[in-house]
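Written below as C-alpha cells is the structure these notes are about.
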Ligand SMILES: NC(=O)C1=CN([C@@H]2O[C@H](COP(=O)(O)OP(=O)(O)OC[C@H]3O[C@@H](n4cnc5c(N)ncnc54)[C@H](OP(=O)(O)O)[C@@H]3O)[C@@H](O)[C@H]2O)C=CC1
Ligand SMILES: CC(C)(CO)C(=O)C(=O)O
C-alpha cells in the first residue's frame, strides 16, 4: 500500500509545520481542506514556516475527490465542524490520522467514519507558535501514531510511516498507543494549564521551581486517575514527559497559552475538564486540576476586547 495523495484539515500551528514537509514531498498531491473565506485566505496568503513561504493547494468539501490519507489538526472544539467539512473527501480506503491533543478525538472520528481506519496520533516535542499566517518552530517535532496496539504494524500504519519517512517527518510507532496518548495528555494537563494561567514560556516554567512543582502536581493526579482506569501510566511515562519538557525551546509557548493570549476559546474541557469527569466516576480526588480548571474557565469568561 502506498499513500499517494494527502489532505489536511487545520492549517494552524501544528498543521502548518507538517504541511510544509508534505507539500514539499507531494506538491499538488497534498492539499488543505477549507471552505469559504478560510479557503480564499489560505489560497491568497499561504503560510510561512520559519520565514519560508509556501502555498499548498486548497480543496473545498465538495471537491468530488477522495484522499488516501486525511490528517486532522484542528482544535478539539472544532472537530465536529471539521468532520462535516471532510466527510465528502473520505473514501472507502481513506486512512484518517488525528494530531489533536486530549484523549477523545480518535474515538470521535472512528465513530463518525466507522468503516475507515482511524489511527491514534499526536504531535510531540513541537513548539510551534503561529501569529497570523507565520509559524515558527524550532524543536525536533515528532509524530507518534499507530493502531491501538502495534506489536506488529498493520499495512496502514506501515504506509503512513513510509510517507512520513519520505517527507522527513520524525515519527514513532508505540506498541501501546493508549498509554502513549495518555502520556501526552498528562503533559498537556501539567504544562499547558500552568502556562495558560501564569503566562510563562517553556523557558520561564523550566526555571521557576514553583511553576514546575505545580506542573508536577497536576500530572501526578493524571497518574492516579490512570491507575483507577487501568491505563497504569508508570515511571517510564513520567520520565518521557520530563524529557519532552527539557527538549522544548525556551521561547516557545503551549497552544493553550497561545489561545489565552489571543482571547480564543481554549481546550481546557479536553484537559482538566475531562480529567475531573473521569476522576469523579472512579472516586479519585483531583484538587489541583479543579483549581486549574476554574482559573482557566474564569480567564476565558473574562476576556475583554
Ligand atoms: N500549537 C502547539 O504547539 C501544539 C498543538 N497541539 C494540538 O494540535 C491541535 C491543533 O492545535 P494548533 O495547531 O495549535 O491549533 P490552531 O488554532 O493554530 O489551528 C487550528 C486550525 O484549524 C483551522 N480550522 C478549524 N476548523 C476548521 C474547519 N472546519 N475546516 C478547516 N480548517 C479549520 C483553523 O482555521 P482558522 O484559524 O481560520 O479558524 C486553524 O487554522 C490541538 O488539539 C492542540 O492541542 C499539539 C501539539 C503542540
Ligand atoms: C507538548 C506541548 C506543550 C508542545 O508540544 C503541546 O502539546 C501544546 O502546546 O499543546
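Residue numbers (UniProt numbering): 1 to 305. Note that the Cβ used here is the ideal one computed from N, Cα and C, for glycine as well.
Any heavy atom of ligand 1 within a distance shorter than 7 Å of the CB on residue i?
i: residue 164; result: no
i: residue 109; result: no
i: residue 75; result: yes
i: residue 45; result: no
i: residue 100; result: yes
i: residue 33; result: yes
i: residue 138; result: no
i: residue 130; result: yes
i: residue 85; result: yes
i: residue 9; result: yes
i: residue 13; result: yes
According to the neighbour-count rule (16 or more other Cβ atoms, all chains shown, within 10 Å of its Cβ), is residue i buried or exposed?
i: residue 23; result: buried
i: residue 213; result: exposed
i: residue 79; result: buried
i: residue 316; result: Any property of residue 316 remains undetermined from this structure, which presents the chain solely from 1 to 305.
i: residue 101; result: buried
i: residue 253; result: buried
i: residue 2; result: exposed
i: residue 239; result: exposed
i: residue 175; result: exposed
i: residue 343; result: Not covered by the structure: residue 343. The range shown for the chain is 1 to 305.
i: residue 234; result: exposed
i: residue 199; result: exposed
i: residue 272; result: buried
i: residue 184; result: buried
In the DSSP assignment, find the unbroken alpha helix (DSSP H) run with residue i in it and report its ends.
i: residue 107; result: 105-112
i: residue 266; result: Note, residue 266: premise wrong, no alpha helix (DSSP H); not H, not E.
i: residue 295; result: 287-301
i: residue 167; result: Run containing residue 167: none; DSSP gives neither H nor E here.
i: residue 150; result: Per DSSP, residue 150 belongs to no alpha helix (DSSP H) and is neither H nor E.
i: residue 245; result: 235-247
My guess is that residue i and residue j are in contact by the Cβ rule of under 8 Å, so how many angstroms apart are they, rounded?
i: residue 6; j: residue 30; result: 5 Å
i: residue 170; j: residue 141; result: 6 Å
i: residue 72; j: residue 10; result: 6 Å
i: residue 299; j: residue 244; result: Going by Cβ atoms, the distance from residue 299 to residue 244 rounds to 25 Å, so no, they are not a contact pair.
i: residue 4; j: residue 62; result: Not really, about 22 Å apart at Cβ, beyond 8 Å.
i: residue 194; j: residue 215; result: 5 Å
i: residue 105; j: residue 76; result: 6 Å
Could you spell out where the beta strand (DSSP E) holding residue i opens and where it closes?
i: residue 82; result: Run containing residue 82: none in the beta strand (DSSP E); it sits in the alpha helix (DSSP H), 79-86.
i: residue 67; result: 67-72
i: residue 204; result: Note, residue 204: premise wrong, no beta strand (DSSP E); alpha helix (DSSP H) at 202-206.
i: residue 23; result: Unbroken run through residue 23 is the alpha helix (DSSP H), 13-26; no beta strand (DSSP E).
i: residue 1; result: Careful: residue 1 lies outside any beta strand (DSSP E) and carries neither H nor E.
i: residue 136; result: 134-136
Verify the contact flag: residue i, CB atom, against every heavy atom of ligand 2, threshold strictly below 7 Å.
i: residue 6; result: no
i: residue 275; result: no
i: residue 244; result: yes
i: residue 235; result: no
i: residue 176; result: no
i: residue 262; result: no
Using a Cβ cut-off of 8 Å (strictly closer), state whether residue i contacts chain D.
i: residue 14; result: Of the protein chains in the structure, only one exists, and it is not chain D.
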